[in-house]
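Visitor: For the sequence shown, position 11 (counting from the first letter as 1) is numbered 11 according to my numbering, and the numbering increases by one without interruption. Glycine included, each C-beta is placed from N, C-alpha and C at the ideal position. Can you keep this structure in mind? I'll have questions shortly.
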Amino acid sequence: MARIGLEAECGEGLARAVTCSEQLARSVISACWRRGVREFVVCPGSRDSPLILEILRSGLKAHPFVDERAAAFFALGRTMDARCPVAVVTTSGTAVAELLPAVVEALYQRLPLLCLTADRPASFRGSGAPQTIEQRGIFCLYAVESWDVSAGAVDLSRWEGNGPAHLNVCLSDPLLSDPPPEPAPMPEGESVPARGRKRKHFPVQMPHPDLVILGGLPREDRERVLARLTEVRCPILADAMSGLREAPELQGWMIRGGERSLRGHPLRTVLRIGAVPTFRFWRDLEDRPEVSIWSVECHGFRGLGRDAFCVEQLDSIHFQPAAVPPVMPPNESAVRARLEEALLRYPHSEPALMGGLASLIPSGARVFLGNSLPVREWNLAAPYADRGHLTGANRGANGIDGNLSTFFGWSAEAGESWGIFGDLTTIYDLNAPWIVPHLPAAKRRIVVFNNGGGKIFARLPSLHRVPEDYKTFTESRHTLRFQRWAGFWGLAHVEWRGGALPDLPDPVVLEVIPDDAQTEGFWEAMG
Ligand SMILES: Cc1ncc(C[n+]2csc(CCOP(=O)(O)OP(=O)(O)O)c2C)c(N)n1
1 MARIGLEAEC GEGLARAVTC SEQLARSVIS ACWRRGVREF VVCPGSRDSP
51 LILEILRSGL KAHPFVDERA AAFFALGRTM DARCPVAVVT TSGTAVAELL
101 PAVVEALYQR LPLLCLTADR PASFRGSGAP QTIEQRGIFC LYAVESWDVS
151 AGAVDLSRWE GNGPAHLNVC LSDPLLSDPP PEPAPMPEGE SVPARGRKRK
201 HFPVQMPHPD LVILGGLPRE DRERVLARLT EVRCPILADA MSGLREAPEL
251 QGWMIRGGER SLRGHPLRTV LRIGAVPTFR FWRDLEDRPE VSIWSVECHG
301 FRGLGRDAFC VEQLDSIHFQ PAAVPPVMPP NESAVRARLE EALLRYPHSE
351 PALMGGLASL IPSGARVFLG NSLPVREWNL AAPYADRGHL TGANRGANGI
401 DGNLSTFFGW SAEAGESWGI FGDLTTIYDL NAPWIVPHLP AAKRRIVVFN
451 NGGGKIFARL PSLHRVPEDY KTFTESRHTL RFQRWAGFWG LAHVEWRGGA
501 LPDLPDPVVL EVIPDDAQTE GFWEAMG
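This is the structure:
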C-alpha cells in the first residue's frame, strides 16, 4: 500500500503497519503529554483525524467541539481552571484562523493554550489547493512558541507556558491505516517540566503608595498579597477578580463607593497589583503625569501607554515610610452612602439587579463576569461581605467574544457556576452551549443582562450626548429575546426583572431585563 510506513520508512517504529501520519500523530501527542497537556478540545475534520484518533487511542481527555472559535475559548477557560496547558485541535484551512481571538486573549492573560493544527504537507504551500492556507506561523507574535513539523521526534519542552503556543503538523495521505492501530495509553505520570528561565529578583525601594489598585490575581498569589496589604495600610480599589475585594482584613481600607470616591483626591503614588484593572480610573491615570505609577504584574504588561515602574514580585518591594500617612479619600463615605441609597431607590435598575443577584448567588459558587458592563457593575454593586465566590473574567484583551465558551471551560468541573453576560456578548458566542451536554451534570446558570444593546456606550461621556438615531446605531440597539436560543440548545429559560428569584432548573438561561428608566435614574443619582 502506498506510503504506509514501517519502522524503516518513517523512523520511530510501531509493531504493525501504520501510516506515516499516524506515526507523526503518535509522536506529537506523546510530546504534548510530556509537556503536561492532559486535555484536548477537538474539532473534527479530515486532516486532523490522525491526531484525534491518537488522542482517543491514548485514553486522553477529549472535549468534542464544532466551532473552532468557541472551542479555543473553551480550551482557554480550561487552562484558567486547570493551570496547566490545554490543547485545541483543528483541521486545516480557516479552522486554524478561527483560533486567533482566543490566542490573543491567552497572550494577554499569559495562559498556556496550545493550538495543535493539522496541515497539508509543506509541498502544498502557496498552491491554493483545497483547504490549504498558509498555516505556518499564522499567529505571528501572539504565539510565544511555534513549531512546524512534518516527521520525526517532537519536543515542546522549550515552551515555558507563559502564553499560547502553536504546533502545526503536516500530515500526508493516506492519513489512516486499515485496520487502525490498537489502543496504547500514555505512560502514567510521565511529564517533563518546561525549561523555564530562572529569574532573579532585586530588592526595590518605592515611595509609600497613596492608593493600591488590585486587578485579577492568580489564586496562588492571593494569600501573599493579602498579607502584604495588611501591612501597607492605604486605600484599596479592588477588582472582583483579585479575590480580595471582599477580604474582611482589608475592609477598613477598601474603597466601597467605587471610583467616584477618588474624584478630586490628590495622589502622588499609585501601586497596581495583578492584571490590568477594569476601572476607568486606571485608564485616566494615562493623563495624570504627576502621579507616579508602580506596577506589580504577573503578566508582564504595563497596562498603560505612559511610563510606569514595573516590578515582577511584590515581595521585592520595600516601602519607604510615608511622609504623610495615607488617608481614605474624604468623599468616600458620602459616595458610598449615595450608592447605597441609589441601589435601594432604583431596585430594578441594572446595577441594583446585579447587586441583588450577587447577594443571591450561594457561597462557594463560581462567577464568571462578562466584559462590558457586567464586570463593572459587579465591581460597583456586589456586596462587600465575603460570600466566598470564585470570580473569573477575560480581561486580557477585553473582548466580548468567546466569553460564554471561556465560562464553560473555566467552570467545567465546578458544582455550581454562574456566568453573567451582556446581550451582545451572548450574541457573539451563540454556539458556546454546544459543550454543555458533554460536561458533568452541575448547576450551570447562564445569566444574560438583556438591556437591548451595548449599553456601555450610553455611559461613555463621548457618546452620551450624540443624537438619538446615532445611539441606535452605536449601541447596536435591538429587541431580541433569548428564549428560543435557550430552547434550541435544550436549556431552560427564566426571565427575571427583580424581586424574589424563582427556583431555577439546570442548566438555565436566566434572562434579566432591567428597567431602562430606573437605570437612568440610578446613574443620575450617582452623578
Ligand atoms: C470582539 C469585540 N468586539 C467589539 C468590542 C467593543 N465593545 C465593547 S463593549 C461592547 C458592547 C457590549 O454589549 P453587551 O454585551 O450587550 O453589554 P452591555 O454594554 O450592554 O453591558 C462592544 C461592541 C469588543 N470589546 N470586543
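Quick check: does the Cβ of residue 423 come within less than 7 Å of any heavy atom belonging to ligand 1?
Guide: Yes, Cβ of residue 423 sits closer than 7 Å to a heavy atom of ligand 1.
Visitor: Is any heavy atom in ligand 1 found nearer than 7 Å to the beta carbon of residue 373?
Guide: Checking the Cβ of residue 373 against ligand 1 gives yes.
Visitor: Are the beta-carbon atoms belonging to residue 339 and residue 224 less than 8 Å from one another?
Guide: Result no, Cβ atoms of residue 339 and residue 224 do not sit closer than 8 Å.
Visitor: The beta strand (DSSP E) with residue 253 in it runs from where to where?
Guide: It is not in any beta strand (DSSP E) - residue 253 carries neither H nor E in the DSSP assignment.
Visitor: Below 7 Å CB to CB, which residues in the same chain sit around residue 435 once its five sequence neighbours on both sides are set aside?
Guide: Correct list, in chain order: 63, 65, 74, 408.
Visitor: Quick one: residues in its chain with C-beta nearer than 7 Å to the C-beta of residue 58, no 5 flanking neighbours on either side, listed in chain order?
Guide: Cβ neighbours of residue 58 beyond the five flanking positions: 29, 184, 185, 186.
Visitor: Quick check on the DSSP output: the alpha helix (DSSP H) that includes residue 103 runs from which residue to which?
Guide: Start and end: 100-109.
Visitor: Near residue 39, which residues of its chain fall below 6 Å by C-beta distance, leaving aside the five closest residues on each side in sequence?
Guide: Taken in chain order, the residues that qualify are 61, 78, 86.
Visitor: From 505, 178, 482, pick the residue whose C-alpha is nearest to that of residue 444; which is it?
Guide: Nearest option by C-alpha distance: 505.
Visitor: Is it the case that the Cβ atoms of residue 533 and residue 432 are separated by a distance below 8 Å?
Guide: Nothing can be reported for residue 533: it is not among the residues displayed for the chain, which extend from 1 to 527.
Visitor: Pick helix, strand or coil for residue 159, following the three-state DSSP scheme.
Guide: Looking at residue 159 - three-state DSSP - the assignment turns out to be coil, as it is neither helix nor strand.
Visitor: Under 8 Å by Cβ, that's how I've got residue 242 and residue 269 pegged, so tell me the actual separation to the nearest angstrom.
Guide: The Cβ separation is near 19 Å, so there is no contact.
Visitor: Figure out for me which residue from 92, 327, 109 has the closest Cα to the Cα of residue 252.
Guide: Looking at the Cα atoms, 327 is the closest of the given residues.
Visitor: Using a threshold of 8 Å, state whether the C-beta atoms of residue 149 and residue 117 are closer than that.
Guide: Contact flag unset, no.
Visitor: Compare the Cα-Cα distances from residue 88 to each of 81, 363, 76, 82 and report the closest residue.
Guide: Of the candidates 81, 363, 76, 82, the one whose C-alpha sits nearest the C-alpha of residue 88 is 76.
Visitor: Please report how far the alpha carbon of residue 520 lies from the alpha carbon of residue 401, in whole angstroms.
Guide: In a straight line, the C-alpha of residue 520 is about 27 Å away from that of residue 401.
Visitor: When we look at the beta-carbon of residue 524 and count the other beta-carbons within 10 Å, is it buried (16 or more) or exposed?
Guide: Looking at its Cβ environment, which holds fewer than 16 other Cβ atoms inside 10 Å, residue 524 is exposed.
Visitor: Using only the alpha-carbon positions, how far apart do residue 17 and residue 182 sit?
Guide: Going from the Cα of residue 17 to the Cα of residue 182 covers about 11 Å.
Visitor: Here's the rule I'm using: 16 or more other beta-carbon atoms within 10 Å means buried, otherwise exposed. How should residue 140 be labelled?
Guide: Exposed, because fewer than 16 other Cβ atoms sit within 10 Å of the Cβ of residue 140.
Visitor: Run through DSSP, which three-state label would residue 115 get?
Guide: Correct three-state label for residue 115: strand.
Visitor: Anyone know if the C-beta pair for residue 349 and residue 518 falls short of 8 Å?
Guide: A contact, by the Cβ cut-off of 8 Å.
Visitor: With respect to 7 Å, is the separation between the Cβ of residue 455 and the closest non-hydrogen atom of ligand 1 below this value?
Guide: Checking the Cβ of residue 455 against ligand 1 gives yes.
Visitor: Does the distance from the C-beta atom of residue 235 to that of residue 211 stay below 8 Å?
Guide: Yes, these two residues count as a Cβ contact at 8 Å.
Visitor: Taking the straight line between their C-alpha atoms, what separation do you get for residue 394 and residue 203?
Guide: Roughly 32 Å separates the two Cα atoms.
Visitor: Determine, using beta carbons only, whether residue 487 and residue 425 come nearer to each other than 8 Å.
Guide: Against a cut-off of 8 Å, the Cβ pair of residue 425 and residue 487 comes out as no contact.
Visitor: Nearest CA to the CA of residue 360: which residue from 131, 290, 387?
Guide: Comparing Cα positions, the closest option is 387.
Visitor: Using the C-alpha atoms, what's the distance from residue 307 back to residue 532?
Guide: Look at the range of the chain in this structure, 1 to 527, and you will see that residue 532 is not part of it.
Visitor: Can you grab the Cα-Cα spacing for the pair residue 515 / residue 416, in whole Å?
Guide: Taking the straight line from one Cα to the other gives about 28 Å.
Visitor: How would you write the range of the beta strand (DSSP E) that residue 168 sits in, first residue to last?
Guide: That run of the beta strand (DSSP E) goes 165-170.
Visitor: Just to confirm, does residue 293 get its C-beta within under 7 Å of one of the non-hydrogen atoms of ligand 1?
Guide: No, ligand 1 has no heavy atom inside 7 Å of this Cβ.
Visitor: Taking DSSP as the reference, what is the three-state secondary structure of residue 58?
Guide: DSSP places residue 58 in coil when its eight states are reduced to three.
Visitor: Check whether the Cβ of residue 400 lies closer than 7 Å to any heavy atom of ligand 1, and answer yes or no.
Guide: At least one heavy atom of ligand 1 is nearer than 7 Å to the Cβ of residue 400, so yes.
Visitor: Along the beta strand (DSSP E) that carries residue 444, what are the first and last residues, could you check?
Guide: Segment 443-449, the beta strand (DSSP E) holding residue 444.
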